[in-house]
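Chemist: Got a structure for you, questions after.
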Amino acid sequence: MAENKQSQLNGSYYGPSIPPNNNRRRRNCCCRIFNIFWKILLSIITLIVLLFIISLVIVQPRPFKFSVTQANLTQFNYTSTNTLLHYKLVLNFTSHNPNKKLGIYYDKVEGNVFYQGSRFSTIDVITWLNSFRQDSNHTDRMSGVFKGTKVLVLDQSQRSKFDQDKRDGDFDIYVKLHFDIRFRLGDFIFNNINSKATVKCGIKVPLSDSNGKVVGARFEPKKCNVDIKWV
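Quick note: the sequence shown uses the working numbering, first residue 3, plus one each step.
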């Protein structure tokens, strides 16, 4: 009996108590907080993506369509001695908004015209209200008058191309327009989301004589490429 008691006493521990592992508890607590935060973040991202997809399905946004409908070139003379280009070009455009729910605000339209890779004129394209709103599924007209004198340095091959175009009565003109636009959905205008659009198209423009008679082939309307970037 005494031996049993002695063995029990010998197996007992009478030292200081082992403190709980606080570092492990902190790590577990941080992991739980991180997991909760991560789940909340994933839920918010998923909700935003779903709302964006639903809005795209409902609104179905599409870029506007742009065309050069008419071109009137009454002057296009180049003097090689002083490298001056005298020009007068009138271009008519149409812009079509194919969206069923979105309206478009055209805040600024800048027109640029090029010949053989060199820009010879830049203007603010004149519209019927200068800056206007285009309703959904609607078509509007714009026009630009490019007139003046420009220093244009052409090398020998470019001058030969100009002389050939002059004889044929047709000039290859490259048109590039820059747009500042906004969108409207119902009564809500997306003023915080500005967009910039670039329109590009190459056209063959016939030269008209002083009597208005077309020297080259008849002008054919041309659809342009439209590229929209969100800012």
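Using N, Cα and C, we set each Cβ at its ideal position, and we do this for glycine too. All of these numbers come straight from a predicted model, not from anything done at the bench.
Do the CB positions of phenylalanine 148 and tyrosine 89 come within less than 8 Å of each other?
Modeler: Result yes, Cβ atoms of phenylalanine 148 and tyrosine 89 sit closer than 8 Å.
Chemist: Could you check the C-alpha separation between leucine 43 and leucine 53 for me, to the nearest Å?
Modeler: Roughly 15 Å between the two C-alpha positions.
Chemist: Does the segment 62-73 come close enough to the segment 111-119 to have 3 or more Cβ pairs within less than 8 Å?
Modeler: No, they do not touch.
Chemist: Check whether the segment 155-174 and the segment 213-220 touch, using three or more Cβ-Cβ pairs below 8 Å as the test.
Modeler: Touching, yes, given that three or more Cβ pairs across the two stretches are closer than 8 Å.
Chemist: Which residues in the same chain as proline 223 place their Cβ atom closer than 7 Å to its Cβ, once the five residues preceding and following it in sequence are excluded?
Modeler: Hits under 7 Å: Ser69, Val70, Thr71.
Chemist: Which residues share a DSSP beta bridge with leucine 219?
Modeler: For the record, residue 219 in the displayed sequence is alanine; it is not leucine. Bridge partners of alanine 219: none, in fact.
Chemist: Can you check the segment 121-180 for any alpha helix (DSSP H) of at least 4 residues that lies completely inside it and give the ranges in chain order?
Modeler: The segment 121-180 contains these whole alpha helix (DSSP H) runs: 158-170.
Chemist: Does threonine 81 come out as helix, strand or coil in the three-state DSSP assignment?
Modeler: Looking at threonine 81 - three-state DSSP - the assignment turns out to be strand.
Chemist: What are the residues that DSSP puts in a beta bridge with lysine 202?
Modeler: In the DSSP output, where bridge partners are listed per residue, lysine 202 has Lys178, Asn227.
Chemist: DSSP on arginine 34, reduced to helix/strand/coil?
Modeler: Note: arginine 34 maps to helix in three-state DSSP.
Chemist: Alpha carbon to alpha carbon, what distance is there between leucine 87 and serine 197?
Modeler: Rounded to whole angstroms, serine 197 to leucine 87 spans 34 Å at the Cα level.
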